[in-house]
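Numbering (my numbering), first residue to last: 2 to 186.
Glycine is no exception: its CB is placed at the ideal position from the N, C-alpha and C atoms.
Notes follow once the structure below has been shown.
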Amino acid sequence: MNIALYCSSKDRLPESWQQAATALGHWLGRRRATLVYGGVDRGLMRIAAAAARGAGASVTGVVPARRRHLTSPANEVTVPVRDLSERKAVIQMLADAFVVLPGGYGTLDELASAFAHLNFTGAEKPVFILNPDGLYDPLLEQIRLMASRGLMDQSLASKLHPVADTDSLISALECFARTFDGADR
2 MNIALYCSSK DRLPESWQQA ATALGHWLGR RRATLVYGGV DRGLMRIAAA
52 AARGAGASVT GVVPARRRHL TSPANEVTVP VRDLSERKAV IQMLADAFVV
102 LPGGYGTLDE LASAFAHLNF TGAEKPVFIL NPDGLYDPLL EQIRLMASRG
152 LMDQSLASKL HPVADTDSLI SALECFARTF DGADR
């Protein structure tokens with residue numbers, strides 16, 4: 002099972018966000034899953050990758066040429082790509098599900114790209130969004146508004162699974178994993 006992660010590459014973020022990245026990494030290790038992410042040794046990406054690798058998960062970093070110097074030592078596999086567009090495409094192709102932790106414009110870009118990928122491919126891949134203190138509420142409301150106005154299919158919006166805290170994120174991922182493990186693949 003490959004879990005794609007989109008999150009901040011900024012350091013010195015709130016402790017609760019760092020703990021969420023650590024908890025995700027530990028869960029991936031317990032599940033012997035693979036973390037697929039941007040591959041750099043910064044911010045929440047560093048924390049999640051180190052925790053995942055330390056807990057026994059596989060770690061695949063997809064690193065654009067301009068960020069190669071930031072490649073994480075936690076990566077078991079590093080996939081070199083030309084640019085951010087190629088990175089997003091590779092991560093989408095590899096992912097069985099997506100997790101969004103707090104992040105800035107890069108995370109929003111990756112989420113929007115994954116969302117479009119799901120729409121155009123019809124792929125059945127859930128998107129779990131950790132929404133601490135309502136961080137993503139305006140975005141989620143915009144998506145609901147667009148769906149209610151007929152600008153997107155409601156079934157697409159239902160692929161987004163916002164959760165308020167780390168425990169809820171891990172529970173949602175565990176439910177997905179049980180379904181994934183039981184599916185004929």
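Residue from the options with nearest C-alpha to residue i
i, options, result
"Asp134", "Met153, Ala113, Leu102", "Leu102"
"Ser156", "Ser73, Ala124, Met2, Val91", "Ala124"
"Leu130", "Val100, Phe116, Leu119", "Here residue 130 turns out to be Ile, not Leu, going by the sequence shown. That would be Val100, whose Cα lies nearest to the Cα of Ile130."
"Leu136", "Met147, Met94, Tyr106", "Tyr106"
"Ala21", "His70, Ala178, Arg150, Arg47", "Arg47"
"Phe116", "Ala158, Ala165, Met2", "Ala158"
Anticipated Cβ contact below 8 Å, residue i with residue j, distance rounded
i, j, result
"Gly30", "Ala5", "Contact doesn't hold; Cβ gap of about 16 Å is too wide."
"Ile92", "Val37", "6 Å"
"Ser9", "Thr108", "6 Å"
"Trp18", "Leu174", "That belief does not hold up - the Cβ atoms of Trp18 and Leu174 are roughly 17 Å apart, past 8 Å."
"Thr72", "Asp97", "Thr72 to Asp97, Cβ: 24 Å. No contact."
Three-state secondary structure (DSSP) of residue i
i, result
"Pro163", "strand"
"Leu136", "coil"
"Arg59", "Reading the sequence as shown, one finds Ser at residue 59 and not Arg. In this structure, Ser59 counts as strand in the three-state DSSP scheme."
"Gly120", "Position check: residue 120 holds Asn in this sequence, whereas Gly was assumed. Looking at Asn120 - three-state DSSP - the assignment turns out to be helix."
"Leu152", "coil"
"Arg186", "A caution first: Arg186 carries a pLDDT of 49, below 50, which makes its placement in the model unreliable, though a value can still be read off. The answer is coil: DSSP assigns Arg186 none of H, G, I, E or B."
"Ala113", "helix"
"Ala24", "helix"
"Ala5", "strand"
"Leu157", "helix"
Cut-off 8 Å between Cβ atoms - residues of its own chain near residue i, not counting five sequence neighbours on either side
i, result
"Asp138", "Asn132"
"Val80", "Gly40, Thr61, Gly62, Val63, Val64, Val91"
Own chain residues within Cβ distance below 6 Å of residue i, not counting five before or after
i, result
"Ala75", "Ala50, Ala51, Arg54, Val60"
"Gly44", "Ser9, Ser10, Lys11, Asp12"
"Asp182", "none"
Close beta carbons around residue i, own chain, < 7 Å, minus the five adjacent residues each side
i, result
"Ile89", "Inspection of the sequence shows that residue 89 is occupied by Lys rather than by Ile. Glu111, Ser114, listed in sequence order."
"Lys160", "Leu119, Pro127, Val128"
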